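The end of the sequence shown is residue 178 by the working numbering, with every number in the run present.
The C-beta atom is built at its ideal place from N, Cα and C for all residues, glycine as well.
Since the structure is predicted, the reported quantities are computational estimates derived from the model, not experimental observations.
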Amino acid sequence: MDDEEARFRQTGWPGLRARLFHTYFLLRRPMTLGVRGLVLNREAGTVFLIRHTYVPGWQMPGGGVETGETMQYSLERELVEEGNIEITAPPTLASLHFNRQASRRDHVALFLVESFRQTSPKKPDREIAEAGFFPVGDLPAETTPATRRRINEIVFGAPASSYW
């Protein structure tokens with residue numbers, strides 16, 4: 015056996031086998047990951063919420079983590095897109111949740127964002143019908159149950175749930 019064949023035996027087949035198994039499990043058991051940001055102005059006692067054009071209710075801004083993105087980068091991108099909000103200090107990963115309403119494989123990472131600036135109020139567009147800051151004790155009536163639970167957990171210290 016020459017050096018090239020030995021190298022293939024050491025790296026080729028095992029590496030190829032690992033890639034094949036990884037691809038099989040990716041197709042067989044795909045998992046999705048999303049991020050949400052609880053943008054909290056503690057001094058004013060307000061949180062930033064959005065209302066999409068395509069789903070009912072007020073909720074925290076966020077979205078899916080795209081291939082090649084970190085969770086933090088995805089959060090930063092979504093906050094700019096959905097709220098004209100720029101993070102000015104690293105956010106805190108507050109909790110991870112299984113989102114069984116979305117699918118059997120969906121997970122959501124919730125970040126607490128307390129250091130930010132809004133470049134301008136978010137105007138309605140094709141994705142965002144409305145957006146704004148609301149008092150934590152006086153959220154819009156249409157605020158989603160999951161959004162209310164996350165705010166209660168982080169702001170008021172309610173027990174955290176593993177489920178979104």
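Euclidean distance between Cα positions of residue i and residue j
i, j, result
"E7", "P138", "For the chain, the structure presents residues 15 to 178; residue 7 sits outside this window and is missing."
"N113", "R164", "13 Å"
"I168", "F125", "10 Å"
"A160", "Q73", "8 Å"
"F170", "G82", "35 Å"
"T25", "G78", "With a pLDDT of only 49 at T25, under the threshold of 50, the placement of this residue in the model should not be trusted; the figure read from the coordinates follows. About 34 Å."
"R119", "H111", "11 Å"
"S88", "E156", "26 Å"
DSSP beta-bridge partners of residue i
i, result
"V49", "G77 and A123"
"S117", "The partner list for S117 (beta bridge, DSSP) is empty, contrary to what the question assumes."
"G146", "L63"
"S129", "Partner(s): none; S129 has no beta bridge."
"S109", "L124"
From the options, residue whose alpha carbon lies closest to that of residue i
i, options, result
"G146", "L107, L93, R119 and F170", "L93"
"E96", "Y177, P149 and T133", "T133"
"A172", "S109, P154 and V127", "S109"
Residue span of the alpha helix (DSSP H) that contains residue i, given as start and end
i, result
"S88", "M85 to G97"
First through last residue of the beta strand (DSSP E) which encompasses residue i
i, result
"T158", "Segment: none, T158 is in no beta strand (DSSP E) and carries neither H nor E."
"S175", "Careful: S175 lies outside any beta strand (DSSP E) and carries neither H nor E."
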